[in-house]
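Structure, as structure tokens:
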Amino acid sequence: MTAPLTAKDFATDQEVRWCPGCGDYAILKAVQKTLADIGANPDETVFVSGIGCSSRFPYYVKSYGFHTIHGRAPAFATGLKLANPDLDVWVVTGDGDGLSIGGNHLLHALRRNVNVQVLLFNNEIYGLTKGQYSPTSRIGTRSPSSPKGSIDAPVSPCLFALGAGAKFIARGIDTDAKHLGETLKAAHAFEGAAFVEIFQNCIVYNADVFSSFTEKKVADDAQIHVEHGKPLLFAKGAKGLRFNPQTFRLEVAAVGEGGVPQTDILVHDETNPALAQLLLSMPQPDFPVALGVIYRAPAAAAFEKGFWAGRARPGERAGRVADALRRGSVWTKKAG
1469 MTAPLTAKDF
1479 ATDQEVRWCP
1489 GCGDYAILKA
1499 VQKTLADIGA
1509 NPDETVFVSG
1519 IGCSSRFPYY
1529 VKSYGFHTIH
1539 GRAPAFATGL
1549 KLANPDLDVW
1559 VVTGDGDGLS
1569 IGGNHLLHAL
1579 RRNVNVQVLL
1589 FNNEIYGLTK
1599 GQYSPTSRIG
1609 TRSPSSPKGS
1619 IDAPVSPCLF
1629 ALGAGAKFIA
1639 RGIDTDAKHL
1649 GETLKAAHAF
1659 EGAAFVEIFQ
1669 NCIVYNADVF
1679 SSFTEKKVAD
1689 DAQIHVEHGK
1699 PLLFAKGAKG
1709 LRFNPQTFRL
1719 EVAAVGEGGV
1729 PQTDILVHDE
1739 TNPALAQLLL
1749 SMPQPDFPVA
1759 LGVIYRAPAA
1769 AAFEKGFWAG
1779 RARPGERAGR
1789 VADALRRGSV
1799 WTKKAG
């Protein structure tokens, strides 16, 4: 009997070439552990990336890998999944690669519900090209390409995914190994396009940009870990989120003595896209940052299943390419 694989079995002999202290190291460890925990088969697993610091990922995971071109990883991943639906395909991208030049490709992979896991490392900066502001950079961000401060309104990756029609949307933090691992397992278990935004610290060009909610001393008050069917509580249960029907907005409320009863607090329903939008739109520092599985559609067929319905089975030839090329495109119009 073959011994189960461990996280170390998914590590390669390649030198990991990220800056010391980069959040990508923690994400790599979390992914390798997740692969071991779910019993992944390296021979049937593929990591696809575009261009950027995050896109070196395929070199460091012992599986099949495809380091593609800027922003096109979702398109390559779609082709892989259609050609061989049995493959377990993961897409690794960043806020620049995935939401700038690759925004169009990411949108279509999500709306089609291709059965891949998309991990978007969001550090709100272009790291590989030395610190230019990215689509997710906040207004006022100073960088080589915005010396006076960015004036662009930032993109919210998860709201983008929701608007694109993604059926699974989640968030995690690079250094929160326990919760990130749970989120990655949930994404893998979902049949369809699973989008996971991971807040990742770029130690060189945008250090501590997320410290207002990731530092341990503020995490309890600044984070809310959502779970389906459970009240939306945070700050060790002392605070919660309730819905104001007059404003159609969420409110932070104290819970217990001197506050509202827990029955007034919203219960998380991960199948409700309207609630997902409210949770993803909460502004800091007035609200906590929502983490975990924020939206999961109850039933959605994966794109490749519809693609292969009525066609030859995957791996079987429906015809010859040479015959198709020689056939041409000629139509004959009958008289009268």
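In our numbering, the protein residues as written are 1469 to 1804. We put the beta carbon where it would ideally sit given N, CA and C, even for glycine. Just so you know, these numbers come straight off a predicted model, no measurement behind them.
*Take residue 1651 and list the residues in its own chain whose beta-carbon comes closer than 7 Å to its own, dropping the five residues that flank it on each side.*
1638, 1640, 1664, 1760 and 1761
_So that I know if they touch, is there some Cβ in chain D lying closer than 8 Å to that of residue 1776?_
This model lacks chain D altogether; it includes just one protein chain.
*In the DSSP assignment, find the unbroken beta strand (DSSP E) run with residue 1763 in it and report its ends.*
1757-1764
*Could you tell me if residue 1744 is buried or exposed, where buried requires 16 or more neighbouring beta carbons within 10 angstroms of its beta carbon?*
buried
_Out of 1709, 1628, 1654 and 1571, which one is the CA nearest neighbour of residue 1727?_
1709
*On a CA-only basis, which of 1796, 1574, 1508 and 1539 is nearest residue 1529? Give me that one, please.*
1508
*asked:* Quick check on the DSSP output: the alpha helix (DSSP H) that includes residue 1523 runs from which residue to which?
replied: That residue, residue 1523, is in no alpha helix (DSSP H); it is neither H nor E in DSSP.
*DSSP three-state call for residue 1561: helix, strand or coil?*
strand
*According to DSSP, is residue 1791 helix, strand or coil?*
helix
*Given 8 Å as the limit, is there contact between the stretch 1494-1512 and the stretch 1598-1613, that is, 3 or more CB pairs closer than that?*
no
*To which residues of the same chain is residue 1489 closer than 7 Å at the C-beta, ignoring the five residues directly before and after it?*
1671
*Under three-state DSSP, which class holds residue 1736?*
coil
_Are the CB atoms of residue 1674 and residue 1591 within a distance shorter than 8 Å?_
yes
*Taking Cβ to Cβ, would you say residue 1768 is nearer than 8 Å to residue 1739?*
no
*To the nearest angstrom, report how far apart residue 1751 and residue 1535 are at their CA atoms.*
35 Å
*Grab the span of the alpha helix (DSSP H) containing residue 1533 for me, first residue to last.*
No alpha helix (DSSP H) contains residue 1533, which is instead part of the beta strand (DSSP E) from 1532-1535.
_On the DSSP letters alone, give me the boundaries of the beta strand (DSSP E) that residue 1588 sits inside._
1585-1590
_Nearest candidate by alpha-carbon position, reference residue 1616, set 1499, 1525, 1601 and 1628_ = 1601
*Give the DSSP-derived three-state secondary structure of residue 1650 in the structure shown.*
helix
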